[in-house]
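Undergrad:
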Amino acid sequence: MQYTQCKIVGNGSFGVVFQTKLSPGGEDAAIKRVLQDKRFKNRELQIMRIVRHPNIVELKAFYYSNGDRKDEVYLNLVLEFVPETVYRASRYFNKMKTTMPMLEVKLYTYQLFRALAYIHSQGICHRDIKPQNLLLDPSTGVLKLCDFGSAKILVENEPNVSYICSRYYRAPELIFGATNYTTQIDVWSTGCVMAELMLGQPLFPGESGIDQLVEIIKVLGTPTREQIKTMNPNYMEHKFPQIKPHPFNKVCSATSAFSVLFTDETTVKVFRKASPEAIDLITALLEYTPTQRLSAIEAMCHPFFDELRDPNTRLPDSRHPSASARELPKLFNFTHHELSISPSLNHKLVPPHAKSELFSRGIDIDNFIPLKKEEMMARLD
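Residue numbers for the sequence shown follow this note's numbering, so the first one is 1140 and each next one is one higher.
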């Protein structure tokens, strides 16, 4: 494999990302270069070789290269190149002193849930959902989840580290130091991302781990003993400050908490009116008790996304208002695997106008035989 014109487009503790052109075709690609520890298999590579989904960045190839020092080996992941991120799109609207159009919030959040429903059904947890890890093709509206550097197959009763996930998007059970968490941590993070796109700023901007919890408590109120038990039973005896949800009194439910947050013009100017469906969905995602949160596939069926299921919905070009509106990207071209995740939801998931495309691929949702759960699980070599 040959490539030309390398330029650095990102770097971090993990390594470096280059943008390049592959020859002979001249297509754009991204190369993520990470230092490889010879003692271990690279988990990111293992997972990237398993996942294949329209809303997950595609691994095209991989190779190893030598570093400058003796015995230094780098793993190079050759990935499809996607030009934009949700983070940068959100910043663009901030600069324009406005917030992202609600249809775009729906489109990006839905596609993220679709990617998560797929990986969660395989037992894979991403563990670092944030706007910077959501790639975007502005010309099509397609979102692709990237950076599986923290991802892991979670096995029941096997402990996992709690110090993962970027601070603003960390689920409360992680802040409580839980090691037995589930893929529902990604659902919490997605709730934070969705709220951030609506608000134009992070919902819980904590300055440290503990401050992060304070930010959450300011909105949701202090968790009950029962809720704390579901996050990490070891914290049962801790005395938490009894903070009333802000800016509303203690008796109010989370739903009305979010209603005030998103509709009270006096709180902060950028908080704007949100539909009852939007508030209902965020409320169902940002639950203290992990098992009470919607799953990714359940979230996809929420009425908040009904506009995407309407065959007449078009995507206006919010950056170039004079440009004509476009078709939505393909949102319902589900695979047999995806429709096996929760077959009872398939009639909500697949709008009537999308049935014929599925049927042309031999998928009849009226006479559907799902894969077994164990057939969907990821297996590492």
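Idealized CB from N, CA, C, for every residue including glycine. Here the structure is a predicted model, which means the values were calculated and not measured.
Could you compute how far the alpha carbon of T1452 sits from the alpha carbon of T1474?
TA: In the sequence shown, counting from the first residue as 1, residue 1452 sits at position 313. In the sequence shown, counting from the first residue as 1, residue 1474 sits at position 335. Taking the straight line from one Cα to the other gives about 23 Å.
Undergrad: Expressed to the nearest angstrom, what Euclidean distance is found between the alpha-carbon atoms of K1469 and S1499?
TA: Walking along the sequence shown from the start, residue 1469 turns up at place 330. Walking along the sequence shown from the start, residue 1499 turns up at place 360. Going from the Cα of K1469 to the Cα of S1499 covers about 15 Å.
Undergrad: Nearest to R1191 by alpha carbon, out of E1166, C1285 and E1416?
TA: Position 52 of the sequence shown, counted from the first residue, corresponds to residue 1191. Closest option to R1191, Cα to Cα, is C1285.
Undergrad: If you draw a straight line from the alpha carbon of I1147 to that of F1379, how long is it in whole angstroms?
TA: Numbered from its first residue, the sequence shown carries residue 1147 at position 8. Numbered from its first residue, the sequence shown carries residue 1379 at position 240. Approximately 46 Å between the Cα atoms of the pair.
Undergrad: Please check the pair K1291 and R1266, which I expect to be a contact at CB under 8 Å, by giving their CB distance rounded to whole angstroms.
TA: Working through the sequence shown from its first residue, we reach residue 1291 at position 152. Working through the sequence shown from its first residue, we reach residue 1266 at position 127. Correct: roughly 6 Å between the Cβ atoms.
Undergrad: With a threshold of 7 Å on Cβ separation, who are the neighbours of V1096 within its own chain once the five nearest residues in sequence on each side are excluded?
TA: Beyond the ends of the chain as shown, which are 1140 and 1520, falls residue 1096; an answer cannot be given.
Undergrad: Name the residue from S1457, T1237, N1371 and A1438 whose alpha carbon lies nearest to the alpha carbon of Y1249.
TA: Residue numbering aside, residue 1249 sits at position 110 when the sequence shown is read from its first letter. Nearest C-alpha to Y1249: A1438.
Undergrad: Mind checking who F1201 pairs with in its DSSP beta bridge?
TA: Position 62 of the sequence shown, counted from the start, is the residue given in the question as residue 1201. For F1201, which the question treats as bridged, DSSP gives the partners L1216.
Undergrad: Just grab the DSSP bridge partners of E1223 for me.
TA: Translated into positions along the sequence shown, residue 1223 becomes position 84. According to DSSP, which records beta bridges pairwise, E1223 is partnered with L1275.
Undergrad: Under 6 Å Cβ to Cβ from E1416, same chain only, skipping five residues before and after it: list those, please.
TA: Counted from its first residue, the sequence shown places residue 1416 at position 277. Counting only Cβ-Cβ distances below 6 Å, and skipping sequence neighbours, we find P1442 and F1443.
Undergrad: According to the neighbour-count rule (16 or more other Cβ atoms, all chains shown, within 10 Å of its Cβ), is G1360 buried or exposed?
TA: What you label residue 1360 is simply residue 221 of the sequence shown in a count that begins at 1. The residue in question, G1360, is buried, as its Cβ has 16 or more Cβ neighbours within 10 Å.
Undergrad: Is the Cβ-Cβ distance between I1170 and F1287 less than 8 Å?
TA: Along the sequence shown, one-based indexing puts residue 1170 at 31. Along the sequence shown, one-based indexing puts residue 1287 at 148. Cβ atoms of I1170 and F1287: not closer than 8 Å.
Undergrad: Measuring alpha carbon to alpha carbon, tell me which of V1353, Q1141, L1424 and L1174 ends up nearest V1155.
TA: Position 16 of the sequence shown, counting from 1, holds the residue named residue 1155. Of V1353, Q1141, L1424 and L1174, the residue nearest in Cα terms is L1174.
Undergrad: Quick test of the definition: if touching needs 3 or more C-beta pairs under 8 Å, does the region 1295-1304 touch the region 1316-1326?
TA: Yes: at least three Cβ pairs fall under 8 Å.
Undergrad: Measure the CB-CB distance between E1197 and L1214 and report whether it falls below 8 Å.
TA: For the purposes of this step, residue 1197 is identified with residue 58 of the sequence shown, where counting begins at 1. For the purposes of this step, residue 1214 is identified with residue 75 of the sequence shown, where counting begins at 1. Their beta carbons are not under 8 Å apart, which means E1197 does not touch L1214 by this criterion.
Undergrad: Whose C-beta lies closer than 8 Å to the C-beta of N1319 among residues of the same chain, with five residues either side of it excluded?
TA: Working through the sequence shown from its first residue, we reach residue 1319 at position 180. N1296, P1298 and N1299, listed in sequence order.
Undergrad: Taking all protein chains shown into account, do 16 or more other C-beta atoms lie within 10 angstroms of the C-beta of Y1257, making it buried, or fewer, making it exposed?
TA: Residue 1257 sits at position 118 when you count from the first residue of the sequence shown. So Y1257 counts as buried.
Undergrad: Could you name the residues that DSSP lists as bridge partners for K1160?
TA: Numbered from its first residue, the sequence shown carries residue 1160 at position 21. K1160 is bridged to T1143 and D1167.
Undergrad: Secondary structure at S1392, three-state DSSP: helix, strand or coil?
TA: By one-based count along the sequence shown, residue 1392 stands at place 253. With a pLDDT of 48 at S1392, under the threshold of 50, the modelled position of this residue cannot be trusted; read the value that follows with caution. Looking at S1392 - three-state DSSP - the assignment turns out to be coil, as it is neither helix nor strand.
Undergrad: In whole angstroms, give me the CA-to-CA distance for G1149 and P1222.
TA: For this step, residue 1149 is matched to residue 10 along the sequence shown. For this step, residue 1222 is matched to residue 83 along the sequence shown. Answer to the nearest angstrom: the Cα atoms are 12 Å apart.
Undergrad: For S1289, which residues in the same chain have their Cβ closer than 8 Å to its Cβ, ignoring the five residues on either side in sequence?
TA: In the sequence shown, residue 1289 corresponds to position 150, counting from 1. So the qualifying residues of the chain are H1265, R1266, D1267, I1303 and C1304.
Undergrad: Leaving out the 5 sequence neighbours to the left and right, which residues in its chain are closer than 8 Å to L1251 when beta-carbon positions are compared?
TA: Translated into the one-based positions of the sequence shown, residue 1251 becomes position 112. If we look at L1251 and ignore the five residues flanking it on each side, its Cβ neighbours are N1194, I1268, L1273, L1282, L1284, T1329 and V1332.
Undergrad: Roughly how far, in whole angstroms, is the beta-carbon of Y1427 from the beta-carbon of P1341, given that I think they are within contact range, below 8 Å?
TA: Along the sequence shown, read from residue 1 onward, the residue named residue 1427 stands at position 288. Along the sequence shown, read from residue 1 onward, the residue named residue 1341 stands at position 202. That belief does not hold up - the Cβ atoms of Y1427 and P1341 are roughly 19 Å apart, past 8 Å.
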